[in-house]
Amino acid sequence: MTLPSPGTAYSLSANKAIVIDGVAPTVTINQAGTQPDPSNNTTINFTVAFSEPVTGFDTSDISFTGSTAEGTLTANISGTGPTYTLGVSGMTSDGNIIASINANAVTDLVSNTNTASTSTDNTVTYTTVLPPIPNS
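If you're matching positions, the sequence shown starts at 1 in the working numbering and goes up one per residue.
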């Protein structure tokens, strides 16, 4: 990169710092804090948290690879970045709902693409009938 000499047209002057952002945004996706597990709710909620504001995040960025609940799993995203709520519906049988976000799905404000989601609790068990509550 060639910069104009200090004091000339388009110069940053002698005391300007240049910051180059080459850091990819990271993302976690975990079951929402209020999400029961197991659950027979018709919508299963996850929290998606990016490390910085991103653009281009939509339902096509969500993967349900490894999910065992049958049906057409449908994603609905709400909220504004860098934290979103993901609602999943369309389950027709018992099984696990596993949500993830692929690498290179979104970009930060300077066009760095994200890394694949890392998660510690991105699975919720969906059941059509909840187990009985134990007697106290």
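All residues carry an ideal CB built from backbone N, CA and C; glycine is no exception.
Could you give the residue range of the beta strand (DSSP E) that holds Y126? T123 to Y126
As a quick exercise: from G33, S63 and V110, pick the residue whose alpha carbon is nearest that of I20. V110
Less than 9 Å separating the beta-carbons of T26 and N114? yes
Helix, strand or coil for D108, going by three-state DSSP, please let me know. strand
Supposed contact pair D61 and V124 - C-beta distance, whole angstroms, cut 8 Å: With 8 Å as the limit, V124 and D61 do not qualify as a contact, their Cβ atoms being about 19 Å apart.
Span of the beta strand (DSSP E), counted from its first residue to its last, around V27: V27 to Q31
Touch test, the segment 63-78 against the segment 88-98, Cβ-Cβ under 8 Å, three pairs minimum: yes
Could you tell me which whole beta strand (DSSP E) segments of length 3 or greater appear in the segment 31-112? 44-50, 71-78, 83-91 and 95-98
Residue from G33, V88 and T83 whose Cα sits closest to the Cα of T59: V88
Using the DSSP secondary-structure output, state which residues sit across from T118 in a beta bridge. T28
Relative to the alpha-carbon of V129, which residue among N122, I29 and P38 has its alpha-carbon at the smallest distance? P38
Spatial neighbours of S11 within its chain, please: CB distance less than 8 Å, with the 5 preceding and 5 following residues excluded, ordered by chain position. L3, P4 and S5
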